[in-house]
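Down below is the structure, laid out as structure tokens.
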Amino acid sequence: MKAGIHPENYRVVAFKDMSNEDVFLTKSTAETNETIEVEGVEYPLVKLEISRTSHPYYTGKSKLVDTAGRIDKFKNKYAKFKK
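Okay, so the sequence shown: first residue is 89 according to our numbering, each after it adds one.
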């Protein structure tokens, strides 16, 4: 392996699923300015819209997550083509 091509700043980071408030810890190089306290220890925080605990593929449940109104925008855009 080539020397000097891998990041040196691996650290434990908290990832938070904003749709169901689940928090999990893993090592990452993701940059963030926010922090969260988990079990009395403060970690850098990365917010996620969807993760393994809320994604329908992993949960087996069909759940519609529309945080930005994308479905409404799509329906409005293509309503004129509906017969």
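No residue lacks a Cβ here, since even glycine has one placed at the ideal position from N, Cα and C.
In this text the structure is predicted, and so the values were computed from the model without any measurement.
Quick check: is any heavy atom of the ligand COA less than 7 Å from the C-beta of F162? Absence of the ligand COA is noted for the structure shown, with no ligands found whatsoever.
Chain-order list of residues whose beta-carbon lies under 8 Å from that of T120 (same chain, five-residue window excluded): Taking the sequence shown and counting its residues from 1, the one referred to as residue 120 is at position 32. Hits under 8 Å: V101, P132, L133 and V134.
Within a Cβ cutoff of 6 Å, which residues of the same chain sit near S142, ignoring the five residues on either side of it in sequence? Start at 1 with the first residue of the sequence shown, and residue 142 comes out as number 54. The answer, listed in chain order, is D105, S107 and N108.
Using DSSP's beta-bridge definition, name the partner residues of E125. Counted from its first residue, the sequence shown places residue 125 at position 37. Answer is E130, bridged to E125.
Does DSSP put A68 in a helix, a strand or coil? The structure shown does not extend to residue 68, since the chain is modelled only from 89 through 171, so no value can be given for it.
DSSP puts A167 in a beta bridge; with which residues? Here residue 167 is taken as the residue at index 79 of the sequence shown, counted from 1. DSSP output for A167 lists no bridge partner at all.
Rounding to the nearest angstrom, what Cα-Cα distance links T114 and F169 in this structure? In the sequence shown, counting from the first residue as 1, residue 114 sits at position 26. In the sequence shown, counting from the first residue as 1, residue 169 sits at position 81. Spanning the two alpha carbons is a distance of roughly 47 Å.
For the beta strand (DSSP E) containing R140, list its first residue and its last residue. Here residue 140 is taken as the residue at index 52 of the sequence shown, counted from 1. No beta strand (DSSP E) contains R140, which DSSP labels as neither H nor E.
Distance between I124 and S116 (C-alpha atoms, nearest Å): Translated into positions along the sequence shown, residue 116 becomes position 28. Translated into positions along the sequence shown, residue 124 becomes position 36. Between S116 and I124, the C-alpha separation is close to 15 Å.
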